[in-house]
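Notes to accompany the following structure.
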Amino acid sequence: MKRRFLVPAASLLLVLLPGYETNNSGSNSAWTKTYPSIVKNIRPPKFKRKTYNITSFGAVRNDSTRLNTEAINNAVTECSSKGGGTVLIPEGRWHTGPIVLKSGVNLHIAEGAVLIFTPDVSVYPQVLTRWEGIDCYNTSPMIYAYGQENIGITGKGTVDGGASRSNWWGMPRLAAVEGKPIRGRPLLMQYNENGTPVEERRFGAGDNLRPQLINFYLCKNILISDVTLIRPAFWTIHPLLCENITVRGVTIRTDGAPNGDGCDPESCKNVLIEGCFFNTGDDCIAIKSGRNGDGRRWNIPSENIIVRNCRMQNGHGGVVIGSEISGGYRNLFVENCTMDSPDLERVIRLKTNNCRGGVIENLYVRNVDVGQCSESVLHINLLYEPGEPCRRDFPPLVRNIYLENVNSKKSRYGVYIAGYNESENISNINIVNCKWENVRENNRIEGRIAGLTFTGTTINGVEVK
Numbered sequence: 017m018k019r020r021f022l023v024p025a026a027s028l029l030l031v032l033l034p035g036y037e038t039n040n041s042g043s044n045s046a047w048t049k050t051y052p053s054i055v056k057n058i059r060p061p062k063f064k065r066k067t068y069n070i071t072s073f074g075a076v077r078n079d080s081t082r083l084n085t086e087a088i089n090n091a092v093t094e095c096s097s098k099g100g101g102t103v104l105i106p107e108g109r110w111h112t113g114p115i116v117l118k119s120g121v122n123l124h125i126a127e128g129a130v131l132i133f134t135p136d137v138s139v140y141p142q143v144l145t146r147w148e149g150i151d152c153y154n155t156s157p158m159i160y161a162y163g164q165e166n167i168g169i170t171g172k173g174t175v176d177g178g179a180s181r182s183n184w185w186g187m188p189r190l191a192a193v194e195g196k197p198i199r200g201r202p203l204l205m206q207y208n209e210n211g212t213p214v215e216e217r218r219f220g221a222g223d224n225l226r227p228q229l230i231n232f233y234l235c236k237n238i239l240i241s242d243v244t245l246i247r248p249a250f251w252t253i254h255p256l257l258c259e260n261i262t263v264r265g266v267t268i269r270t271d272g273a274p275n276g277d278g279c280d281p282e283s284c285k286n287v288l289i290e291g292c293f294f295n296t297g298d299d300c301i302a303i304k305s306g307r308n309g310d311g312r313r314w315n316i317p318s319e320n321i322i323v324r325n326c327r328m329q330n331g332h333g334g335v336v337i338g339s340e341i342s343g344g345y346r347n348l349f350v351e352n353c354t355m356d357s358p359d360l361e362r363v364i365r366l367k368t369n370n371c372r373g374g375v376i377e378n379l380y381v382r383n384v385d386v387g388q389c390s391e392s393v394l395h396i397n398l399l400y401e402p403g404e405p406c407r408r409d410f411p412p413l414v415r416n417i418y419l420e421n422v423n424s425k426k427s428r429y430g431v432y433i434a435g436y437n438e439s440e441n442i443s444n445i446n447i448v449n450c451k452w453e454n455v456r457e458n459n460r461i462e463g464r465i466a467g468l469t470f471t472g473t474t475i476n477g478v479e480v481k
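The sequence shown finishes on residue 481 if you use our numbering, and the numbering steps up by one all the way, no holes.
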């Protein structure tokens, strides 16, 4: 039987391993030493002061019958071959197919410009990527780069993925059809479980694995700033195995999009997400590191990620780790953010299971103001997606989490933790100086935890002791 505790506001759940001691000094040291060193190592790329206007390569604005794919990619190629610079998308509506960014190129979407991607899947070639944390060749993302450095997407304009219920969003998630061989997501999951060579994992039209809006794979020195991103077919920004990433001042609106995550760094190092706005159909920010066998094979964690001065509205979670997190995660810093919506489910969310494995550690969150969320301020779930077909002998570990001055005016729970009954795979969770009001059901704790402490924290005006 599952163990469940509804923790009253005036109580403190504290389960300790022998010799275990809570240590808030770890948070102070992280903010004063680790955090500044990460900031110092994140530097946006600089681009040559030379501009390549896509109109000079034959691009035509405001013509929905014509795709500017060739003109834009020719501009990118010439810009990169001559040492880099800016490829300018000027004011107007520009219809296109997939764009491949190359080293040294800043794709600048000018104010008043809208870059609109066609939903015609036939114009998107197969490229090497990951889909839900699994390596494969799939329909090309709308904007893609592989093995490049010093690349950017900037400007006050809009990138429109062109997705709707009549095209990408209307694709069934599972593509097994009446007696036909299983394709799509079930087959991809099967390939991962079986260790099928990646070269044999090829998907495209009819497989219904919707492409990301932006996917940079094995790239370094990335800047995405100021643009508005809307209507992605799938995840919006997906840096994969990348390093030194700045996402600044970006507006992401994907409300209503299935799997419409905002920004999903996967197995990435040194990432700054600041001054951004998220209103999403799924998680606002979701940090990942590969799913099951593929994640363990690469064994590359995401690490050193900073989220600050951001605003979140709708979403399954504000800042999330998982669920594709088999490579592990360490060193997340979140500060000075605001989150507020009846359709924001959780503020800080960790989701994983015993298919994944991996260690999630060192999460530091401070100075976050929450108007309301529908479920919980902190949600840790080690039982995510219980029906997933997979080997279940890879229990994850979660440890060293600090929430300080994270205040909420309305939620169902303060802390909601779903752990294991048979082992203490969650440890050292610290809630410091938080004020949670209008909490309908206090805290909910299932399973065993090695150390959950509340210090100077109130729920509905009553200090948790």
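Every residue, glycine too, gets a C-beta built ideally from N, C-alpha and C.
With a cut-off of 8 angstroms on the beta carbons, I'd call residue i and residue j a contact; round off their distance for me.
{"i": "residue 376", "j": "residue 414", "result": "5 angstroms"}
{"i": "residue 246", "j": "residue 134", "result": "Actually they are not in contact, since the Cβ atoms of residue 246 and residue 134 sit about 15 angstroms apart, beyond 8 angstroms."}
{"i": "residue 15", "j": "residue 54", "result": "The structure shown does not extend to residue 15, since the chain is modelled only from 17 through 481, so no value can be given for it."}
{"i": "residue 253", "j": "residue 230", "result": "5 angstroms"}
{"i": "residue 208", "j": "residue 309", "result": "5 angstroms"}
{"i": "residue 187", "j": "residue 237", "result": "No, residue 187 and residue 237 are not in contact; Cβ-Cβ is about 34 angstroms, not under 8 angstroms."}
{"i": "residue 294", "j": "residue 268", "result": "5 angstroms"}
Buried or exposed: which applies to residue i, given that a residue is buried once 16 or more other Cβ atoms fall within 10 Å of its Cβ?
{"i": "residue 405", "result": "exposed"}
{"i": "residue 478", "result": "exposed"}
{"i": "residue 45", "result": "exposed"}
{"i": "residue 427", "result": "buried"}
{"i": "residue 74", "result": "exposed"}
{"i": "residue 216", "result": "exposed"}
{"i": "residue 206", "result": "exposed"}
{"i": "residue 176", "result": "buried"}
{"i": "residue 437", "result": "exposed"}
{"i": "residue 443", "result": "buried"}
{"i": "residue 296", "result": "buried"}
{"i": "residue 277", "result": "buried"}
{"i": "residue 475", "result": "buried"}
What is the residue span of the alpha helix (DSSP H) that residue i lies within?
{"i": "residue 236", "result": "First-last for residue 236: 236-241, but that is the beta strand (DSSP E), not the alpha helix (DSSP H)."}
{"i": "residue 97", "result": "85-97"}
{"i": "residue 311", "result": "308-314"}
{"i": "residue 55", "result": "51-57"}
{"i": "residue 201", "result": "200-210"}
{"i": "residue 318", "result": "Not the alpha helix (DSSP H): residue 318 falls in the beta strand (DSSP E), residues 318-324."}
Could you tell me the boundaries of the beta strand (DSSP E) in which residue i lies?
{"i": "residue 110", "result": "108-112"}
{"i": "residue 42", "result": "Looking at the DSSP string, residue 42 is not in any beta strand (DSSP E); the run it does join, the alpha helix (DSSP H), is 41-45."}
{"i": "residue 162", "result": "159-162"}
{"i": "residue 338", "result": "335-338"}
{"i": "residue 67", "result": "67-69"}
{"i": "residue 360", "result": "No beta strand (DSSP E) holds residue 360; DSSP gives it neither H nor E."}
Between the alpha carbons of residue i and residue j, how many angstroms are there, rounded?
{"i": "residue 168", "j": "residue 219", "result": "28 angstroms"}
{"i": "residue 137", "j": "residue 420", "result": "46 angstroms"}
{"i": "residue 352", "j": "residue 381", "result": "9 angstroms"}
{"i": "residue 104", "j": "residue 85", "result": "14 angstroms"}
{"i": "residue 328", "j": "residue 336", "result": "12 angstroms"}
{"i": "residue 38", "j": "residue 457", "result": "A caution first: residue 38 carries a pLDDT of 47, below 50, which makes its placement in the model unreliable, though a value can still be read off. Each residue's Cα considered, the two are about 26 angstroms apart."}
{"i": "residue 88", "j": "residue 58", "result": "29 angstroms"}
{"i": "residue 203", "j": "residue 449", "result": "47 angstroms"}
{"i": "residue 412", "j": "residue 82", "result": "50 angstroms"}
{"i": "residue 279", "j": "residue 300", "result": "7 angstroms"}
{"i": "residue 128", "j": "residue 250", "result": "25 angstroms"}
{"i": "residue 243", "j": "residue 60", "result": "16 angstroms"}
{"i": "residue 430", "j": "residue 156", "result": "41 angstroms"}
{"i": "residue 120", "j": "residue 165", "result": "7 angstroms"}
{"i": "residue 79", "j": "residue 124", "result": "20 angstroms"}
{"i": "residue 401", "j": "residue 388", "result": "25 angstroms"}
{"i": "residue 91", "j": "residue 70", "result": "6 angstroms"}
{"i": "residue 65", "j": "residue 98", "result": "12 angstroms"}
{"i": "residue 222", "j": "residue 76", "result": "31 angstroms"}
{"i": "residue 142", "j": "residue 240", "result": "24 angstroms"}
{"i": "residue 192", "j": "residue 63", "result": "With a pLDDT of 49 at residue 192, under the threshold of 50, the modelled position of this residue cannot be trusted; read the value that follows with caution. Approximately 47 angstroms between the Cα atoms of the pair."}
{"i": "residue 212", "j": "residue 466", "result": "38 angstroms"}
{"i": "residue 298", "j": "residue 360", "result": "9 angstroms"}
{"i": "residue 257", "j": "residue 228", "result": "15 angstroms"}
What are the partner residues of residue i, as DSSP defines its beta bridges?
{"i": "residue 255", "result": "232"}
{"i": "residue 133", "result": "112"}
{"i": "residue 170", "result": "124"}
{"i": "residue 465", "result": "In the DSSP output, where bridge partners are listed per residue, residue 465 has none listed."}
{"i": "residue 377", "result": "346 and 415"}
{"i": "residue 451", "result": "474"}
{"i": "residue 386", "result": "355 and 424"}
{"i": "residue 395", "result": "365 and 432"}
{"i": "residue 302", "result": "336"}
{"i": "residue 105", "result": "125"}
{"i": "residue 294", "result": "268 and 328"}
{"i": "residue 245", "result": "175 and 268"}
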